[in-house]
Amino acid sequence: MRRYVLKRVVQTILTAWFTVTVVFVLLRLAPGDPAVSYAPPNPSSEQLEAIRREFGLDQPLLSQYWTFLTHLLHGDVGQSFQFRQSALTVVLERLPYTITLAVAAIVITAVLAIPLGVWMARRANTAGELGANIATIAGQSMPDFWIGFVLLIVFAVNLQWFPSSGFTSISSLVLPTLTIVVLQVALISRLVRREMSVNLNASYVTIARSRGVSERRLTWRYAFSNSAIPVVTALGTRFAAMLNGVVIVEVVFRWPGVGQLVVDALERRDLPVIQATVLVTVLLALFVQLAVDLIYPLLDPRVRLGEGAR
Amino acid sequence: MALDQTAPPTAVTPRLLRRSAAARRARHSTIKIWLGAICASIIIIPVALARVLPLPDPVRGVLRDSSLPPLSDGHLLGTDPNGRDLLSRILFGGQTSLVIGLLAIVISGLVGIVLGAVAGYYGGWVDTLVSRALEAQMSLPLLLMLLLVVALFGPSIAVITLVIAVAQWPEPARLTRALVLVEREKPYVAAAQVLGLRRPTVIGRHIIPNILPQVLVVVFLLLAQAVLLESALSFLGAGVQRPYPTWGGIISDGRELFVTGKWWLVTIPGIAIALLVIGVNLLGDGLRDRTRRAKAGDS
Numbered sequence: 001m002r003r004y005v006l007k008r009v010v011q012t013i014l015t016a017w018f019t020v021t022v023v024f025v026l027l028r029l030a031p032g033d034p035a036v037s038y039a040p041p042n043p044s045s046e047q048l049e050a051i052r053r054e055f056g057l058d059q060p061l062l063s064q065y066w067t068f069l070t071h072l073l074h075g076d077v078g079q080s081f082q083f084r085q086s087a088l089t090v091v092l093e094r095l096p097y098t099i100t101l102a103v104a105a106i107v108i109t110a111v112l113a114i115p116l117g118v119w120m121a122r123r124a125n126t127a128g129e130l131g132a133n134i135a136t137i138a139g140q141s142m143p144d145f146w147i148g149f150v151l152l153i154v155f156a157v158n159l160q161w162f163p164s165s166g167f168t169s170i171s172s173l174v175l176p177t178l179t180i181v182v183l184q185v186a187l188i189s190r191l192v193r194r195e196m197s198v199n200l201n202a203s204y205v206t207i208a209r210s211r212g213v214s215e216r217r218l219t220w221r222y223a224f225s226n227s228a229i230p231v232v233t234a235l236g237t238r239f240a241a242m243l244n245g246v247v248i249v250e251v252v253f254r255w256p257g258v259g260q261l262v263v264d265a266l267e268r269r270d271l272p273v274i275q276a277t278v279l280v281t282v283l284l285a286l287f288v289q290l291a292v293d294l295i296y297p298l299l300d301p302r303v304r305l306g307e308g309a310r
Numbered sequence: 001m002a003l004d005q006t007a008p009p010t011a012v013t014p015r016l017l018r019r020s021a022a023a024r025r026a027r028h029s030t031i032k033i034w035l036g037a038i039c040a041s042i043i044i045i046p047v048a049l050a051r052v053l054p055l056p057d058p059v060r061g062v063l064r065d066s067s068l069p070p071l072s073d074g075h076l077l078g079t080d081p082n083g084r085d086l087l088s089r090i091l092f093g094g095q096t097s098l099v100i101g102l103l104a105i106v107i108s109g110l111v112g113i114v115l116g117a118v119a120g121y122y123g124g125w126v127d128t129l130v131s132r133a134l135e136a137q138m139s140l141p142l143l144l145m146l147l148l149v150v151a152l153f154g155p156s157i158a159v160i161t162l163v164i165a166v167a168q169w170p171e172p173a174r175l176t177r178a179l180v181l182v183e184r185e186k187p188y189v190a191a192a193q194v195l196g197l198r199r200p201t202v203i204g205r206h207i208i209p210n211i212l213p214q215v216l217v218v219v220f221l222l223l224a225q226a227v228l229l230e231s232a233l234s235f236l237g238a239g240v241q242r243p244y245p246t247w248g249g250i251i252s253d254g255r256e257l258f259v260t261g262k263w264w265l266v267t268i269p270g271i272a273i274a275l276l277v278i279g280v281n282l283l284g285d286g287l288r289d290r291t292r293r294a295k296a297g298d299s
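Residue numbers (UniProt numbering), protein chains in the order written: chain H, 1 to 310; chain X, 1 to 299.
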């Protein structure tokens, strides 16, 4: 077990290093000069040169990378070009907003999608299930920026039930969460339905039914327990993906999270902030995945981590 | 499926058969396929014919006709503040979306099938290499990377297509690999090997034709994702640039105007995207039910 966790932590760090390196190389390979974004209008070549020197962009690529890595080991990801403070601080200030949104969205998704999926599996091949099936397909087919925008207009601008943008009070959470939940419920409930119908048609359920086990118990205690692992995995993966920034929803609702931050940083070519965001969110997402994997033995006593096939 | 009319009397009436789970499942997949085909063609056919239809220019507008509501004279879906016809912009924007989407799934489908099949059949270090690449990509924040690449390398159709294709190749690759692993153990593959066929021939002529229907359905379903990704990118300003219309771009431009009561500039393109994507998803889902059933039937 301990060896398993250690191995996974090492893998996580390697993956994060890989991702950050890819981003680092892409940012440097890209055409265009970040210094131009921070110079006065019509800059002279001396001015540009000074800015490049200040940001360390005048160094050769490899030595820039070396500086980046050595500073990284000391927990320093560089100064933000636009905010003139540690890029890490900038990112960590925005992170709670994204986490709040992601937690709210994943909790509501689980609460709605699991019963819906179980219901669809129980009523397989009925007209009601066909309707729900088509509805979930529709749910995963609508562009999220469009859903968000329509919700914004109807509930924030016309009815004025909720604030339209930014984060002012807890009611600010409602519309962004709802936008994310539409897509996630559609995806997760379809997964629950698939897993549940496999298990409900398995022979152990038939045998239990012949022994007189109640349908409720068959559904939840028998079939659902056995569907739990894939469902929890999917919820974990979705949650981890949201921590990488729910970019679209954050932009639509001007939510002050990391997704919005990274879009702004891309526009202004604020390289340290982009790198810091990628590093922090990827690490966080990977550790969420790890935590999910560590839950497996609790859900299913048959699972032993770090032995056999893994 | 056809019932034998001369069969001996039995308690299983045709009515019962029609109500059986298998028959219902077949009917449901037919409903999904038809519904999907209708939704998708409502969008795809006019988009494909955009150059033939008598439409106003999608890029240059007539300022006199600025911000007309839908069903105005000569502008079925109304116009934007620059007097450009919305229907024309949606149809030409749809061409960009569909071209990018189709090219992307062709590339990701080809790459995915070839790499997945090679990894599944050869195993060993080839498999390790492909599987690691798949895992590495899974851990990358997808939309962020897409935005990054497009923002940095310029939003041309080629870049956007490639970026979407790269984002999508894991799905067909993983499915192909899993199917090839199963197929590899079947007697016909052993027979082909005994006949002395070379390994690429075994894969290309014997294995792939057997798994192609299942893989193609998944590749087709990627079209839905590709269209959504493209519209998301163009919504964020990382799509094909103005003045050329894109679905995401039209919606993004319409945002400020919506508040002033010009609802059509956001609502109608959104419905167009949703209809196309719902159509593709329903059609693919129905076809997937079909191929699964056919597969279960012959084994």
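Note that CB positions come from ideal geometry on N, CA and C, so glycine has one too.
{"Query": "What does Q79 (chain H) pair with, by DSSP beta-bridge criteria?", "Result": "H:S86"}
{"Query": "Let's test the definition: count the other Cβ atoms within 10 Å of the Cβ of V10 (chain H) and tell me whether it reaches 16, buried, or not, exposed.", "Result": "exposed"}
{"Query": "With DSSP collapsed to three states, give me the class of H206 (chain X).", "Result": "helix"}
{"Query": "Taking DSSP as the reference, what is the three-state secondary structure of D253 (chain X)?", "Result": "helix"}
{"Query": "Write down every uninterrupted run of the alpha helix (DSSP H) in the stretch 153-188 of chain X whose length is 4 residues or greater and which is fully enclosed by it, in chain order.", "Result": "157-168 and 170-183"}
{"Query": "Considering only residues of the same chain and omitting the five flanking positions on each side of G254 (chain X), which have a CB-CB separation below 6 Å?", "Result": "L265 and V266"}
{"Query": "For S189 (chain H), which residues from the same chain have a beta carbon less than 6 Å from its beta carbon, with the 5 sequence-adjacent residues on both sides left out?", "Result": "A113, L116, G117 and T136"}
{"Query": "Could you pull out every residue in the same chain whose Cβ sits closer than 6 Å to the Cβ of E206 (chain X), ignoring the five residues on either side in sequence?", "Result": "According to the sequence as given, residue 206 (chain X) is His; it is not Glu. Excluding sequence neighbours, H206 (chain X) sits near A192."}
{"Query": "Run through chain H and tell me which residues come within less than 7 Å of A178 (chain X), C-beta to C-beta.", "Result": "The premise fails here: A178 (chain X) is roughly 15 Å from chain H at the closest Cβ pair, so nothing lies under 7 Å."}
{"Query": "Just how far apart, CA to CA, sit Y38 (chain H) and T161 (chain X)?", "Result": "31 Å"}
{"Query": "If we cut at 8 Å on Cβ distances, does W146 (chain H) have a partner in chain X?", "Result": "yes"}
{"Query": "Suppose the cutoff is 7 Å on Cβ atoms and the five residues either side in sequence are ignored; what does the same chain contact list for G308 (chain H) look like?", "Result": "Confidence at G308 (chain H) is low in this model, with a pLDDT of 47, below 50, so its placement is unreliable and the value that follows should be read with caution. Result list for G308 (chain H): empty, nothing under 7 Å."}
{"Query": "Rank H:I106, H:V185 and H:M196 by C-alpha distance to the C-alpha of A138 (chain H) and give the top, closest one.", "Result": "H:V185"}
{"Query": "Out of curiosity, what's the CA-to-CA distance linking K32 (chain X) and L63 (chain X)?", "Result": "44 Å"}
{"Query": "Relative to chain H, which residues along the stretch 234-263 of chain X have a C-beta separation below 7 Å, given in chain order?", "Result": "F235, L236, I251, R255, F258 and V259"}
{"Query": "Output yes or no for whether 8 Å exceeds the beta carbon distance between V47 (chain X) and L87 (chain X).", "Result": "no"}
{"Query": "Compare the Cα-Cα distances from M242 (chain H) to each of H:I170, H:L183 and H:L88 and report the closest residue.", "Result": "H:L183"}
{"Query": "Going along the stretch 12-31 of chain X in order, which residues come within less than 8 Å of chain H, judged by CB to CB distance?", "Result": "A21, R24, R25, H28 and I31"}
{"Query": "Between the C-alpha atoms of G297 (chain X) and Q214 (chain X), what's the straight-line distance to the nearest angstrom?", "Result": "Annotation note: pLDDT 48 at G297 (chain X) (below 50); position unreliable, no value reported."}
{"Query": "Please confirm whether V126 (chain X) and V118 (chain X) have their CB atoms less than 8 Å apart.", "Result": "yes"}
{"Query": "Keeping to the same chain, check which residues put their C-beta closer than 7 Å to that of P272 (chain H); ignore five residues upstream and five downstream.", "Result": "V77, G78, Q79, S80, F81 and A87"}
{"Query": "Residues in its own chain within less than 7 Å of A124 (chain H) by CB, not counting five upstream and five downstream?", "Result": "S197"}
{"Query": "Locate the alpha helix (DSSP H) running through Q241 (chain X), then write down its first and last residues.", "Result": "It is not in any alpha helix (DSSP H) - Q241 (chain X) carries neither H nor E in the DSSP assignment."}
{"Query": "Could you give the DSSP three-state label for D144 (chain H): helix, strand or coil?", "Result": "helix"}
{"Query": "Going along chain X, which residues have a C-beta under 9 Å from P256 (chain H)?", "Result": "Simply none; closest approach about 17 Å."}
{"Query": "With DSSP as the reference, please indicate the residues paired to T79 (chain X) in a beta bridge.", "Result": "X:D85"}
{"Query": "Which residue marks the beginning of the alpha helix (DSSP H) containing P163 (chain H), and which one marks its end?", "Result": "No alpha helix (DSSP H) holds P163 (chain H); DSSP gives it neither H nor E."}
{"Query": "Could you check whether S227 (chain H) and E195 (chain H) sit closer than 8 Å to each other, using their CB atoms as the reference points?", "Result": "yes"}
{"Query": "Find the residues of chain H that neighbour S231 (chain X), judging by a C-beta separation of less than 9 Å, and give them in chain order.", "Result": "P143, F145 and W146"}
{"Query": "Mind reading off the beta-carbon distance from A30 (chain H) to L140 (chain X)? Whole number of angstroms is fine, and I expect it under 8 Å.", "Result": "That belief does not hold up - the Cβ atoms of A30 (chain H) and L140 (chain X) are roughly 17 Å apart, past 8 Å."}
{"Query": "Tell me whether K262 (chain X) is buried or exposed, calling it buried when 16 or more other Cβ atoms sit within 10 Å of its Cβ.", "Result": "buried"}
{"Query": "Is the CB of I229 (chain H) under 8 Å away from at least one CB in chain X?", "Result": "no"}
{"Query": "For S234 (chain X), which three-state DSSP category applies?", "Result": "helix"}
{"Query": "Using a C-beta cutoff of 8 Å, does A202 (chain H) count as contacting chain X?", "Result": "no"}
{"Query": "Using three-state DSSP, classify R66 (chain X) as helix, strand or coil.", "Result": "Reading the sequence as shown, one finds Ser at residue 66 (chain X) and not Arg. In this structure, S66 (chain X) counts as coil in the three-state DSSP scheme."}
{"Query": "Does N281 (chain X) have its Cβ less than 8 Å from a Cβ in chain H?", "Result": "yes"}
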